[in-house]
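**Q** Each protein sequence line maps, in turn, to chains A and B. Sequential numbering of the first sequence, starting at 27, is according to our numbering. Sequential numbering of the second sequence, starting at 4, is according to our numbering. Heads up, the beta-carbon is just placed ideally off N, CA and C, and yes, glycines get one too. Just so it is clear, the structure is predicted and the values come from calculations on it, not from any experiment. Attaching a single structure in structure tokens format; questions to follow.
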Amino acid sequence: KAGVTQTPRYLIKTRGQQVTLSCSPISGHRSVSWYQQTPGQGLQFLFEYFSETQRNKGNFPGRFSGRQFSNSRSEMNVSTLELGDSALYLCASSLEGVSSTDTQYFGPGTRLTVL
Amino acid sequence: AQSVTQLDSQVPVFEEAPVELRCNYSSSVSVYLFWYVQYPNQGLQLLLKYLSGSTLVESINGFEAEFNKSQTSFHLRKPSVHISDTAEYFCAVSDSELTGGGNKLTFGTGTQLKVEL
Chain A
27 KAGVTQTPRY LIKTRGQQVT LSCSPISGHR SVSWYQQTPG QGLQFLFEYF
77 SETQRNKGNF PGRFSGRQFS NSRSEMNVST LELGDSALYL CASSLEGVSS
127 TDTQYFGPGT RLTVL
Chain B
4 AQSVTQLDSQ VPVFEEAPVE LRCNYSSSVS VYLFWYVQYP NQGLQLLLKY
54 LSGSTLVESI NGFEAEFNKS QTSFHLRKPS VHISDTAEYF CAVSDSELTG
104 GGNKLTFGTG TQLKVEL
């Protein structure tokens with residue numbers, strides 16, 4: 027099976043712009059989670075989607091949003107970009123995610139740079 | 004709320020020497036525990052996990068971790084490291100009683116393991 031794919035791999039934006047990142051989970055996986063990785067804050071949970079519904083949410087401002095489509099693919103959007111949004115954004119998928127016992131498989135990430 | 008502490012940001016070690024990467028957590032509820040590894044320019048890969056049962060869990064590449072509830076620790080060990088083990092290692096916890104289910108991992112800040120010849 028193909029792994030989790032994320033597009034684009036690299037992105038450069040300027041402050042104030044918005045950006046959309048895409049994640050395709052492993053075939054058959056229905057849960058998709060997003061994480062932000064920065065040198066200062068480490069890995070932080072953004073949100074999780076399951077069956078097109080946001081099931082869990084981290085402590086990020088409303089500028090960060092996401093959605094999931096019927097084929098389980100997910101997108102996250104960041105509006106009004108700030109310099110501090112520069113990070114590696116990781117997507118992870120799991121089968122059902124009914125509980126955290128499901129193994130999460132991570133994609134390679136999207137490196138976002140905000141200038 | 005949960006938190007994970009990885010006190011060692013970097014651990015240098017010679018090849019074939021043993022290594023221990025420390026992880027302590029804080030939580031008011033029961034948790035599941037995980038170790039992930041991240042190689043340069045790659046995503047995270049699950050190394051091993053503790054859900055229940057035996058407190059000693061092993062990975063296929065020789066790593067092991069022991070869950071110690073009284074010390075709230077989940078240290079990662081390997082008796083003999085290889086150059087290819089050079090990577091960043093992250094300890095993570097999740098709430099085993101998450102309302103509504105689902106995935107929500109809380110990560111430590113990571114430990115960079117550098118294996119030298």
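When the cut-off is 9 angstroms and only beta carbons count, does residue 114/B lie next to chain A?
**A** Stepping through the second sequence from its first residue, residue 114/B is reached at position 111. No, residue 114/B does not count as interfacial toward chain A.
**Q** What does residue 45/B touch in chain A if you count any residue whose Cβ is under 9 angstroms from its own?
**A** Position 42 of the second sequence, counting from 1, holds the residue named residue 45/B. From the beta-carbon of residue 45/B, the residues of chain A found nearer than 9 angstroms are 132, 134 and 135.
**Q** Give me whichever residues DSSP pairs with residue 38/A in a beta bridge.
**A** Indexing the first sequence from 1 puts residue 38/A at position 12. According to DSSP, which records beta bridges pairwise, residue 38/A is partnered with 139/A.
**Q** Note down the Cα distance separating residue 82/A from residue 67/A, rounded to an integer number of angstroms.
**A** The count along the first sequence starts at 1 and reaches residue 82/A at position 56. The count along the first sequence starts at 1 and reaches residue 67/A at position 41. Rounded to whole angstroms, the separation of the alpha carbons of residue 67/A and residue 82/A is 20 angstroms.
**Q** My parser needs the beta strand (DSSP E) runs of 3 or more residues fully inside the region 60 to 100 of chain B; what are they?
**A** 67 to 71, 76 to 81 and 90 to 98
**Q** Are the C-beta atoms of residue 56/B and some chain A residue less than 9 angstroms apart?
**A** Residue mapping note: residue 56/B aligns to position 53 of the second sequence, counting from 1. False, the Cβ-Cβ gap to chain A never drops below 9 angstroms.
**Q** Would residue 36/B pass as a contact of residue 42/B if the rule is Cβ separation under 9 angstroms?
**A** Residue mapping note: residue 36/B aligns to position 33 of the second sequence, counting from 1. Residue mapping note: residue 42/B aligns to position 39 of the second sequence, counting from 1. Cβ atoms of residue 36/B and residue 42/B: not closer than 9 angstroms.
**Q** Taking residue 92/A as part of the beta strand (DSSP E), name the residues at either end of that continuous run.
**A** On the first sequence, position 66 is the one that residue 92/A refers to. For residue 92/A, the enclosing beta strand (DSSP E) has its first and last residue at 90 to 94.
**Q** Are at least three pairs of beta-carbons, each pair with one atom in the region 49 to 60 of chain A and one in the region 13 to 26 of chain B, less than 8 angstroms apart?
**A** no
**Q** Tell me where the beta strand (DSSP E) around residue 120/A begins and ends.
**A** Residue mapping note: residue 120/A aligns to position 94 of the first sequence, counting from 1. Run containing residue 120/A: 113 to 120, per the beta strand (DSSP E) assignment.
**Q** At 7 angstroms on the CB atoms, spell out the chain A contacts of residue 110/B, in chain order.
**A** The count along the second sequence starts at 1 and reaches residue 110/B at position 107. Within chain A, the residues near residue 110/B are 68 and 69.
**Q** Which one of 45/B, 56/B and 106/B has the shortest CA to CA distance from residue 30/A?
**A** Indexing the first sequence from 1 puts residue 30/A at position 4. Considering only alpha carbons, the answer is 45/B.
**Q** Taking Cβ positions only, does residue 92/B come closer than 9 angstroms to chain A?
**A** The count along the second sequence starts at 1 and reaches residue 92/B at position 89. False, the Cβ-Cβ gap to chain A never drops below 9 angstroms.
**Q** Please confirm whether any heavy atom of the ligand COA lies closer than 8 angstroms to the CB of residue 32/A.
**A** Ligands displayed in this structure: none; no statement on the ligand COA is therefore possible.
**Q** With DSSP collapsed to three states, give me the class of residue 10/B.
**A** Position 7 of the second sequence, counted from the first residue, corresponds to residue 10/B. Coil, per DSSP.
**Q** Output the boundary residues of the beta strand (DSSP E) element that contains residue 48/B.
**A** Taking the first residue of the second sequence as 1, we reach residue 48/B at position 45. Here the beta strand (DSSP E) through residue 48/B covers 47 to 53.
**Q** When DSSP builds the beta bridges, which residues end up paired with residue 27/B?
**A** Counted from its first residue, the second sequence places residue 27/B at position 24. According to the DSSP secondary-structure assignment, residue 27/B is paired through a beta bridge with 8/B and 76/B.
**Q** Can you tell me which of the three DSSP states residue 68/A falls into?
**A** For the purposes of this step, residue 68/A is taken as residue 42 along the first sequence, with counting starting at 1. Residue 68/A: strand per DSSP, three-state reduction.
**Q** What residue range does the beta strand (DSSP E) around residue 106/A cover?
**A** Taking the first sequence and counting its residues from 1, one reaches residue 106/A at position 80. Run containing residue 106/A: none; DSSP gives neither H nor E here.
**Q** At 9 angstroms on the CB atoms, spell out the chain A contacts of residue 59/B, in chain order.
**A** Taking the second sequence and counting its residues from 1, the one referred to as residue 59/B is at position 56. Those within 9 angstroms of residue 59/B in chain A number zero; the least Cβ separation is about 18 angstroms.
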